[in-house]
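Just so we're aligned, residue 0 is where the sequence shown starts under numbering that gives the first Met the number 0, counting upward by one. Just so it is clear, CB atoms sit at the ideal spot from N, CA and C, and this is done for glycine as well. The model shown is predicted, which means the values in this text are computed figures rather than measured ones. Okay, structure first, notes after.
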Amino acid sequence: MAWLVRLSPDGDAELVISELWDLGTSGVAEAGGSDGSKVLIAGFDAESDAVAAAARFDGTVERYDPDVWIPPEPRDVAVGDHTLRITPGRAFGHGEHPTTRLLLDALVARPPTSAVLDVGCGTGVLSIAAAVLGATSVTAVDIDAEAVEATLANARDNAALATVPITVELGGPPDGVRFATLVANLLVADLRRAARGIESALGTDAGSRLLVSGFLEHQEAEVQMLFPDLEVAEQWRSGEWVALDLRRR
Numbered sequence: 000m001a002w003l004v005r006l007s008p009d010g011d012a013e014l015v016i017s018e019l020w021d022l023g024t025s026g027v028a029e030a031g032g033s034d035g036s037k038v039l040i041a042g043f044d045a046e047s048d049a050v051a052a053a054a055r056f057d058g059t060v061e062r063y064d065p066d067v068w069i070p071p072e073p074r075d076v077a078v079g080d081h082t083l084r085i086t087p088g089r090a091f092g093h094g095e096h097p098t099t100r101l102l103l104d105a106l107v108a109r110p111p112t113s114a115v116l117d118v119g120c121g122t123g124v125l126s127i128a129a130a131v132l133g134a135t136s137v138t139a140v141d142i143d144a145e146a147v148e149a150t151l152a153n154a155r156d157n158a159a160l161a162t163v164p165i166t167v168e169l170g171g172p173p174d175g176v177r178f179a180t181l182v183a184n185l186l187v188a189d190l191r192r193a194a195r196g197i198e199s200a201l202g203t204d205a206g207s208r209l210l211v212s213g214f215l216e217h218q219e220a221e222v223q224m225l226f227p228d229l230e231v232a233e234q235w236r237s238g239e240w241v242a243l244d245l246r247r248r
């Protein structure tokens, strides 16, 4: 069995969602309350994590059977002149979170023209966008098997739009392979763990790009310190969320 926490966010729901991920949720969904208010439903594998999250946000905890799953509805996601069809499945991300939108806008502003690696691909929306916008190859990796499954399914559903197939792998950045463009939509804790692999996978040529998001304004300096050999070329903001275009010097 697993546990669900139901809560009504007080303030910015996206900030609450970010903290729920820090607290160990395996996924977050949004629903409407009977009074029209917004309700967040977060899944947890560990009862102790669920209880802690419920206490933090004055929510309620209930047990559920993780094998009983009603797939969420697909969402249309605009990427330049294209419209992707993304189904979250059990993975997080359908293109509506501010950090995902920021990175999609960054890809549209400067479309990739060479090999792209998506680290922590989630549902694959960034990988698919790169394949649609002109990348010569796209590799998507994630340490979560459900994310790999979701990316494979969404890549198949959007294959008609993509100019290249997407390679999807379970794990981190592939050893011994470098990419001119990396995208990483990861929480700061995950970026700390992945930073060395990301640095090793980024191309050595000047101008090789790391498009990174998943963090808040007050975490921006720490993120830049994780990649001391890269410099900020551009940045995008949505509320307190930030995305950076870091380039090889």
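Going by beta carbon distance, what residues of the same chain come within less than 6 angstroms of residue 15, once the five residues before and after it are set aside? Looking up residue 15 in the sequence shown gives position 16. 8.
Between the stretch 188 to 195 and the stretch 217 to 228, can you find at least three pairs of beta-carbon atoms closer than 8 angstroms? Counting Cβ pairs under 8 angstroms, three or more are found: they touch.
Tell me, which residues are paired with residue 80 by DSSP? Indexing the sequence shown from 1 puts residue 80 at position 81. Beta-bridge pairing links residue 80 to no other residue.
Reference residue 217, options 201, 82, 240 and 207, closest by Cα: Translated into the one-based positions of the sequence shown, residue 217 becomes position 218. For residue 217, the nearest C-alpha among the options comes from 240.
For residue 56, which residues from the same chain have a beta carbon less than 6 angstroms from its beta carbon, with the 5 sequence-adjacent residues on both sides left out? By 1-based counting over the sequence shown, the position of residue 56 is 57. Around residue 56: 6.
With burial defined as no fewer than 16 other Cβ atoms inside 10 Å of the residue's Cβ, what is the status of residue 53: buried or exposed? Mapped onto the sequence shown, residue 53 falls at position 54. Counting Cβ neighbours within 10 Å, residue 53 comes out buried, since at least 16 surround it.
What residue from 213, 183 and 164 has the CA that sits closest to residue 21's CA? For the purposes of this step, residue 21 is taken as the residue at position 22 of the sequence shown. The shortest C-alpha separation from residue 21 is found at 213.
For residue 68, count neighbouring Cβ atoms within 10 angstroms of its own Cβ and tell me buried if that reaches 16, exposed if not. Numbered from its first residue, the sequence shown carries residue 68 at position 69. Because residue 68 carries a pLDDT of 49, less than 50, the predicted location of this residue cannot be relied on, and no value is offered for it.
Could you check what DSSP says for residue 212 in three-state terms: helix, strand or coil? Here residue 212 corresponds to residue number 213 of the sequence shown, with the count starting at 1. The answer is strand: DSSP assigns residue 212 an E or B state.
Same chain, Cβ closer than 6 angstroms to residue 28, neighbours up to 5 away in sequence not counted: What you label residue 28 is simply residue 29 of the sequence shown in a count that begins at 1. Taken in chain order, the residues that qualify are 40.
Quick one: what's got a C-beta closer than 7 angstroms to residue 196's C-beta in the same chain, skipping five residues either side? For the purposes of this step, residue 196 is taken as the residue at position 197 of the sequence shown. Close CB contacts of residue 196 within its chain, under the 7 angstroms cut and outside five residues either way in sequence, are with 171 and 172 (chain order).
Any chance the stretch 194 to 211 sits against the stretch 153 to 170, with 3 or more Cβ pairs inside 8 angstroms? Not touching, per the Cβ criterion.
Determine the closest residue to residue 4 out of 113, 59 and 48, with distance taken between C-alpha atoms. Start at 1 with the first residue of the sequence shown, and residue 4 comes out as number 5. If we check each option's Cα against that of residue 4, 59 comes out closest.
For residue 179 versus residue 118, is the C-beta spacing smaller than 9 angstroms? Numbered from 1 along the sequence shown, position 180 holds the residue referred to as residue 179. Numbered from 1 along the sequence shown, position 119 holds the residue referred to as residue 118. No, they are not a contact pair.
Using three-state DSSP, classify residue 157 as helix, strand or coil. For the purposes of this step, residue 157 is identified with residue 158 of the sequence shown, where counting begins at 1. Of the three classes helix, strand and coil, the one that applies to residue 157 here is coil, per DSSP.
Please list the segments of the alpha helix (DSSP H) lying wholly inside the stretch 124 to 201, counting only runs of 4 or more residues, in order along the chain. The stretch 124 to 201 contains these whole alpha helix (DSSP H) runs: 124 to 132, 144 to 156 and 187 to 200.
Buried or exposed: where does residue 236 fall if 16 or more other Cβ atoms within 10 Å of its Cβ makes it buried? Residue 236 sits at position 237 when you count from the first residue of the sequence shown. Classification for residue 236: exposed.
Can you tell me which of the three DSSP states residue 109 falls into? As a working mapping, residue 109 is identified with position 110 in the sequence shown. Under the three-state reduction of DSSP, residue 109 is assigned to coil, being neither helix nor strand.
Could you tell me if residue 228 is buried or exposed, where buried requires 16 or more neighbouring beta carbons within 10 angstroms of its beta carbon? On the sequence shown, residue 228 is found 229 positions in, with the first residue counted as 1. Residue 228 should be labelled exposed.
Express the C-alpha separation of residue 205 and residue 18 in angstroms, rounding to a whole number. Here the question's residue 18 lines up with position 19 in the sequence shown. Here the question's residue 205 lines up with position 206 in the sequence shown. Computed Cα separation, rounded: 36 angstroms.
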